[in-house]
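Structure, as structure tokens:
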Amino acid sequence: MHLGTAGGASNAVERAREIGAGTLQIFSSSPRMWRAPKVDPKQCQRMRALRAKHGVGPLVIHASYLVNVCSQTEEIRTKSVHAFRGEIERALALGAEYLVLHPGSWKGMTRGEGLKLAAESIGKALDGLPWQGTPFSILIENTAGAECSLGGNFEQVAELVERLKSHAPVGVCLDTCHTHVSGYDIVSVEGFAETMSKVAATTGFDAVRVWHCNDAKAARGTKLDRHEHIGQGTIGIEPFRWLVNDPRFEHCAFIAETPVDEPGDEERNVRVLKSLVKAPRA
Ligand SMILES: [Zn+2]
Ligand SMILES: [Zn+2]
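The sequence shown begins at -2 in the working numbering and counts up by one.
Take a look at the structure:
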């Protein structure tokens, strides 16, 4: 579950345990502010200790929404590189396995230029940071497919990963809501199979490390990114059952970023997702 960090990042681990979640995602700073304080070393220690004690992992950090590594504006790009470098530093300090990034908007340029800038900016942000020998990876998330947003289909995510993989630790995060509203069919049995064969042909299954499990409020192909509770939206419950039991994604973390409309919603969505998992065959 994506969880809040009121009172310190490590509190989210206790919250995960309370609601029965085995893995969690957090923001390591306010996702709508450029300024981000360094994380308190005590929080980092406590995060590691609590995760070890409760066996919670992987820890996923979602990067700030302000970061646009392929902005046409040099000022925004420079700010984005700086902010994303801070994200990586905090992720390493907290011992996070994954840092999820939206590849950004190339508005005002061509997609090819955007792709080149995104790869360059991510490289700059990582430059000289001690990620080698850690389990840390940056995960490029597929987006809802809004105009000029990079990563609106699997090919674009794969292209960026391809450009980065020789010099950066990089993988993929796929979001069910984004996949659905960007136009892929994951709802019908045949559609799901076909969409997964597209994953195979682009990013491949191994590169996918996290699935964001979100139902959608909007119809397939609308490009409207509005998350809904698992099983209550336009995706429905079955595709989530197929996904969490799919042996091709056995190595993945499944994380809900579902809305909190009422107290208990986090716990309910975790319970629904867990209820779909079939007992392993003897
Ligand atoms: Zn995201
Ligand atoms: Zn997501």
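Every residue gets a Cβ at the ideal spot worked out from N, C-alpha and C, and that includes glycine.
Practice prompt. Classify H248 as buried or exposed, calling it buried when 16 or more other Cβ atoms lie within 10 Å of its own Cβ.
Written response: exposed
Discussion item. Using only the alpha-carbon positions, how far apart do G168 and G201 sit?
Written reply: 10 Å
Worksheet item: Does DSSP classify C170 as helix, strand or coil?
Response: Looking at C170 - three-state DSSP - the assignment turns out to be strand.
Discussion item. Let's test the definition: count the other Cβ atoms within 10 Å of the Cβ of T140 and tell me whether it reaches 16, buried, or not, exposed.
Written reply: buried
Item to complete: Quick one: measure Cβ to Cβ for A215 and T231, integer angstroms, because I've assumed they're closer than 8 Å.
Response: 7 Å
Worksheet entry | Which of helix, strand or coil DSSP assigns to L63 | coil
Worksheet item: Looking at C-alpha atoms only, which residue of L136, V196, C210 is the closest neighbour of R238?
Response: C210
Worksheet item: Within the present structure, is the beta-carbon of H226 separated from the nearest heavy atom of ligand 1 by less than 8 Å?
Response: no
Discussion item. How far does the beta strand (DSSP E) with E138 in it extend, from its first residue to its last?
Written reply: 134 to 138
Worksheet entry | Inter-residue Cα distance where the pair is K39 and A46 | 10 Å
Worksheet item: Among residues of its own chain, excluding the 5 on either side of E110, which ones have a beta-carbon nearer than 7 Å to its beta-carbon?
Response: W103
Worksheet entry | Selection from G92, N65, V97, A80 that minimises the alpha carbon distance to K113 | N65
Worksheet item: Do the region 48 to 60 and the region 79 to 96 touch if we need at least three Cβ pairs shorter than 8 Å?
Response: With a cut-off of 8 Å, the region 79 to 96 and the region 48 to 60 count as touching, because enough Cβ pairs lie within range.
Discussion item. Does the distance between the C-beta of H209 and the nearest non-hydrogen atom of ligand 3 fall short of 8 Å?
Written reply: With respect to small molecules bound, the structure shown includes ligand 1 and ligand 2 and not ligand 3.
Discussion item. Runs of 4 residues minimum, wholly inside the region 201 to 251: which ones carry the alpha helix (DSSP H) assignment?
Written reply: Qualifying alpha helix (DSSP H) stretches, in chain order: 235 to 241.
Item to complete: Using three-state DSSP, classify S146 as helix, strand or coil.
Response: strand
Worksheet item: I think K275 touches N242, with their Cβ atoms under 8 Å apart; what is that distance to the nearest whole Å?
Response: 5 Å
Discussion item. Ligand 2 and V257: does the residue's C-beta get closer than 8 Å to at least one heavy atom of that ligand?
Written reply: no
Worksheet item: Quick one: what does DSSP say I119 is sitting in, helix, strand or coil?
Response: helix
Discussion item. Are the CB atoms of L56 and R43 within a distance shorter than 9 Å?
Written reply: no
Worksheet item: Pick out every residue whose C-beta is nearer than 6 Å to a heavy atom of ligand 1: which are they, in chain order?
Response: H59, V97, H99, E138
Worksheet item: Quick one: complete beta strand (DSSP E) runs, 3+ long, within the region 35 to 111?
Response: Listed in chain order, they are 56 to 59, 95 to 98.
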